[in-house]
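**Q**
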Amino acid sequence: MAGVTLRGVRKSFGQIETIHGIDLDIPDGKFLVLVGPSGCGKSTLLRLLAGLEEVSSGTISIGERDVTGCTPAERGVAMVFQSYALYPHMTVAENMSFGLEMKKLSKTEIQNRVSQAAARLELTPLLDRLPKNLSGGQRQRVAIGRAIVRDPSVFLFDEPLSNLDAALRVQMRQEIAELQRSLKVTTVYVTHDQVEAMTMADIICVLRGGTIEQVGTPLSLYHHPHNQFVAGFIGTPSMNFLDTLIIDKTEARPTVRLPSGHSFSPTVTAADARPGDRVSLGLRPEHLALTAPEGAELTGTLRTVERLGEVHYAYISLADGQALTVKGSGDTALSAGDLVGIVLNPAESHLFNSQGLAWPRVN
Amino acid sequence: MQVDLNFWAILSQWPFLLKGIAWTVGLTAVSLIIGFTLGILCAWARAYGPKGLRWPVGAYVEAIRNTPFIVQLFFIFFGLPSLGVRLSPEVASVIAMVLNLGAYSTEIIRAGLMATPKGQTEAGVSLALSPVQVFFYIVLPPSLKRVWPAFVSQCVIVMLGSAVCGQIATEELSYAANVIQAKNFHTFEAYIVATILYLLLAVALRRLLTRAGPRFIFGR
Chain S
138 MAGVTLRGVR KSFGQIETIH GIDLDIPDGK FLVLVGPSGC GKSTLLRLLA
188 GLEEVSSGTI SIGERDVTGC TPAERGVAMV FQSYALYPHM TVAENMSFGL
238 EMKKLSKTEI QNRVSQAAAR LELTPLLDRL PKNLSGGQRQ RVAIGRAIVR
288 DPSVFLFDEP LSNLDAALRV QMRQEIAELQ RSLKVTTVYV THDQVEAMTM
338 ADIICVLRGG TIEQVGTPLS LYHHPHNQFV AGFIGTPSMN FLDTLIIDKT
388 EARPTVRLPS GHSFSPTVTA ADARPGDRVS LGLRPEHLAL TAPEGAELTG
438 TLRTVERLGE VHYAYISLAD GQALTVKGSG DTALSAGDLV GIVLNPAESH
488 LFNSQGLAWP RVN
Chain B
516 MQVDLNFWAI LSQWPFLLKG IAWTVGLTAV SLIIGFTLGI LCAWARAYGP
566 KGLRWPVGAY VEAIRNTPFI VQLFFIFFGL PSLGVRLSPE VASVIAMVLN
616 LGAYSTEIIR AGLMATPKGQ TEAGVSLALS PVQVFFYIVL PPSLKRVWPA
666 FVSQCVIVML GSAVCGQIAT EELSYAANVI QAKNFHTFEA YIVATILYLL
716 LAVALRRLLT RAGPRFIFGR
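Protein chains in written order, with our numbering: chain S, 138 to 500; chain B, 516 to 735.
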């Protein structure tokens with residue numbers, strides 16, 4: 138097993154630089170998820186790790202070994218592709234054993250590795266089938282099996298669940314996470330789905346525009362985002378942001394004026410904040426509650442309600458045109474057009490300066 | 516006008532016809548094996564090869580595909596001697612057929628190669644395979660499977676095109692039919708028999724290659 142270290146990694150395609158000097162440490166045996174919007178460079182970064190693209194500058198190390206100039210074959214990594222990339226003319230068993238045969242391993246060793254991986258992934262009854270006769274989930278398992286048999290130092294997954302339906306995605310998410318925990322192999326997993334990231338990762342690395350926005354555990358990113366981008370990206374539905382104004386500050390704790398005119402003191406430390414600063418107040422939908430409009434800190438008109446059974450989402454327009462989403466449990470009697478009040482929780486609020494950087498929360 | 520058909524006059528010359536069939540089959544077999552190999556190599560060169568190789572291969576393919584087979588054959592048999600290269604009719608025929616099939620199969624196979632998903636190549640590379648292993652074990656078999664019907668049709672066309680080789684006295688089937696009708700003047704019958712034999716050979720070749728592909732060339 139081995140950890141992965143990236144130092145000053147840059148990648149340019151012609152004149153265009155897509156990865157801008159990335160430094161990242163992935164501890165041995167950990168499951169790191171690279172997450173970010175389309176075009177943020179996460180797949181490029183994974184391909185740099187795999188050796189499928191050449192680094193323009195910087196270094197990549199796997200364990201103690203600098204692999205920057207190494208071919209994919211020399212890196213000891215195994216990659217699972219979004220399209221599965223199974224060989225259509227080979228059976229499941231042949232797909233899994235092919236790489237080992239090319240490495241001239243003994244037949245016994247190959248058979249052992251394939252049968253162990255097949256048993257672990259519940260592929261044993263399918264070993265003689267061709268990929269065209271498999272379901273999406275089965276194909277995904279074969280692709281993972283093909284990677285496992287190589288006994289790699291690092292697993293690389295490139296959006297492996299994006300071609301599966303919702304129910305299967307949840308199942309495969311659990312299977313991959315369990316598999317990684319049992320194998321204890323360092324894993325780098327690319328996705329644009331932050332639910333996947335939150336549920337599977339030991340560590341999440343949020344990318345935007347070829348740079349790292351934040352690295353941390355799923356809950357640290359959720360509770361303590363470094364900036365407005367991470368705050369908005371992590372969490373479903375995404376965080377609400379209200380344009381507000383600092384009107385007072387007591388012992389580094391600011392007070393802001395809400396769009397309703399009420400004052401509100403989020404539990405943050407903002408030593409460099411000054412009255413008159415325009416700031417953004419971050420409120421997660423699950424940390425808000427609906428109430429009667431009379432005397433509420435914020436009031437607005439209910440645009441729509443989405444009822445999902447166990448929860449509902451209320452979409453609200455404030456008087457100044459700003460929008461809020463509130464997540465409530467169970468059902469609600471409210472309907473579109475109703476005037477509602479919104480209860481804010483100071484302990485679960487975030488404050489971002491004009492550059493979008495978060496002030497640290499006290500709790 | 517009464518037409519008196521006498522097929523026995525043709526069929527009685529069966530040793531000559533058999534020799535013609537043997538030459539046609541032989542020319543086709545040799546041309547197919549070498550032409551197929553040439554097609555794979557040239558398709559690789561055009562799809563993945565270095566730039567210095569792509570241009571000459573492209574020029575060869577375009578030259579062959581845009582000129583008549585008979586001109587190519589005559590150039591090899593009648594043109595090359597002026598450069599001091601003398602070839603027997605049979606050797607000239609094989610070279611012409613190989614070059615012809617090689618050029619057409621280059622484009623057919625290249626189409627298959629270009630349709631191979633990039634992920635499969637990268638999967639091979641990330642499985643620690645060499646570029647040669649990736650090409651021959653991963654890219655080529657499914658590519659051939661994709662284009663096999665088109666390739667089989669081209670092989671049949673080349674086999675039927677071997678009839679032109681009689682023009683330089685290669686003793687294939689059309690040459691045999693021509694010689695027989697010149698002897699006994701049963702022209703209609705001679706060419707009816709030749710037509711039927713070509714039809715049977717074409718059907719047999721198509722069936723053989725259609726079955727041989729999955730069995731020996733690209734797997735299931």
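Yeah, the Cβ is synthetic: ideal placement off N, Cα and C, and Gly gets one too. Keep in mind that this is a model prediction, so the values were computed, not measured.
Leaving aside the five residues before and after F584(B) along the sequence, list all residues of the same chain whose C-beta is less than 8 Å from its C-beta, in chain order.
**A** Same-chain partners within the cutoff: A611, N615, G676 and V679.
**Q** Excluding sequence positions up to five away, which residues of its chain have a Cβ less than 6 Å from the Cβ of L595(B)?
**A** So no residue of the chain qualifies.
**Q** In chain B, which residues lie less than 9 Å from A210(S) when you measure between Cβ atoms?
**A** Those are V640, S641, L642, A643, L644 and S645, listed as they occur along chain B.
**Q** Contact defined as beta carbons within less than 8 Å: I believe L301(S) pairs with G273(S). What is the distance between those atoms, to the nearest angstrom?
**A** Indeed they touch by this definition, with Cβ atoms about 5 Å apart.
**Q** Can you give me the Cβ contacts of G639(B) inside the same chain, cut-off strictly under 6 Å, excluding the 5 residues immediately before and after it?
**A** Closer than 6 Å at the Cβ level, and outside the excluded window around G639(B), lie V649 and I653.
**Q** How do the segment 472-490 of chain S and the segment 425-441 of chain S stand: do at least 3 beta-carbon pairs fall below 8 Å, yes or no?
**A** Touching, yes.
**Q** Going by other Cβ atoms of all chains shown within 10 Å of its Cβ, with 16 needed for buried, is N377(S) buried or exposed?
**A** Buried, because 16 or more other Cβ atoms sit within 10 Å of the Cβ of N377(S).
**Q** Identify whether Q219(S) lies in helix, strand or coil by the three-state DSSP scheme.
**A** DSSP places Q219(S) in coil when its eight states are reduced to three.
**Q** From the beta carbon of V480(S), is the nearest beta carbon of chain B less than 9 Å away?
**A** False, the Cβ-Cβ gap to chain B never drops below 9 Å.
**Q** What does the alpha-carbon distance come out to for the pair V343(S) and S243(S)?
**A** Roughly 43 Å separates the two Cα atoms.
**Q** Suppose contacts are defined by Cβ-Cβ distances below 9 Å. Is P422(S) in contact with L461(S) by that definition?
**A** Cβ distance < 9 Å, so P422(S) and L461(S) count as in contact.
**Q** Alpha carbon to alpha carbon, how far is S149(S) from H329(S)?
**A** The straight-line gap from Cα to Cα measures roughly 22 Å.
**Q** Restricting to runs no shorter than 3 residues, where is the beta strand (DSSP E) found entirely within the segment 153-206 of chain S?
**A** For the segment 153-206 of chain S, whole beta strand (DSSP E) runs of length 3 or above, ordered along the chain, are 153-163, 168-172 and 194-199.
**Q** Using a Cβ-Cβ cut-off of 9 Å, state whether K240(S) counts as contacting chain B.
**A** So, interface residue.
**Q** I'd like the span of the alpha helix (DSSP H) that includes A692(B), first residue to last.
**A** Its alpha helix (DSSP H) spans residues L688 to N699.
**Q** Provide the residue(s) that pair with L455(S) in DSSP beta bridges, ordered along the chain.
**A** Its beta-bridge partners are G437(S).
**Q** With distances taken Cα to Cα, identify the nearest neighbour of Y563(B) among L533(B), M629(B) and E577(B).
**A** Here the closest residue by C-alpha is M629(B).
**Q** Applying a beta-carbon distance threshold of less than 8 Å, which residues of chain S neighbour K499(B)?
**A** Residue 499(B) falls outside the range modelled here, since chain B spans only 516 to 735, and no answer is possible.
**Q** Is the segment 218-231 of chain S close to the segment 254-272 of chain S, with three or more CB pairs under 8 Å?
**A** With a cut-off of 8 Å, the segment 254-272 of chain S and the segment 218-231 of chain S count as touching, because enough Cβ pairs lie within range.
**Q** Terminal residues of the continuous beta strand (DSSP E) containing A426(S)?
**A** Looking at the DSSP string, the run of the beta strand (DSSP E) that includes A426(S) is A426 to T428.
**Q** DSSP has V146(S) in a bridge; who is on the other side?
**A** Beta-bridge pairing links V146(S) to I159(S).
**Q** Would you please state the rounded distance, in angstroms, between the beta carbons of A280(S) and F370(S)? I believe it to be under 8 Å.
**A** Between F370(S) and A280(S) the Cβ distance is about 27 Å, and since that is not below 8 Å, they are no contact.
**Q** What are the residues in the segment 654-665 of chain B lying within 8 Å of chain S by C-beta distance?
**A** Here the close residues are P656, P657 and K660.
**Q** Kindly list the residues whose CB is nearer than 8 Å to the CB of R444(S), restricted to its own chain and excluding five residues on each side of it in sequence; keep chain order.
**A** Cβ within range, chain order: D468 and T469.
**Q** What does A215(S) touch in chain B if you count any residue whose Cβ is under 8 Å from its own?
**A** By Cβ distance, chain B contributes S641 and L642.
**Q** L271(S) CB to nearest chain B CB: under 9 Å?
**A** Output row for L271(S): interface = no.
**Q** Once the 5 residues before and after G145(S) are set aside, which same chain residues still bring their CB inside 8 Å of it?
**A** Around G145(S): G158, I159, D160, S194, G195 and T196.
**Q** Quick test of the definition: if touching needs 3 or more C-beta pairs under 8 Å, does the segment 388-404 of chain S touch the segment 475-491 of chain S?
**A** Segments in contact, yes.
**Q** Within its chain, find whatever has a CB closer than 6 Å to the CB of S179(S); leave out the 5 residues flanking it on each side and keep chain order.
**A** In the sequence as displayed, the identity of residue 179(S) is Lys instead of Ser. These residues qualify, in order along the chain: L171, G173, V327 and L344.
**Q** Return helix, strand or coil for V448(S), following the three-state DSSP convention.
**A** Residue state, collapsed to three classes: strand.
**Q** From the DSSP output, in three-state form, read off R266(S) for me.
**A** Coil at R266(S), not helix or strand.
**Q** Helix, strand or coil: how does DSSP classify Y224(S) here?
**A** Looking at Y224(S) - three-state DSSP - the assignment turns out to be coil, as it is neither helix nor strand.
**Q** Would you check if there are 3 or more beta carbon pairs closer than 8 Å linking the segment 536-551 of chain B to the segment 680-695 of chain B?
**A** Yes, the segment 536-551 of chain B touches the segment 680-695 of chain B.
**Q** Quick one, which of R212(S), Q248(S), A230(S) and A368(S) has its alpha-carbon nearest R276(S)'s?
**A** With distances taken between Cα atoms, R276(S) lies closest to A230(S).
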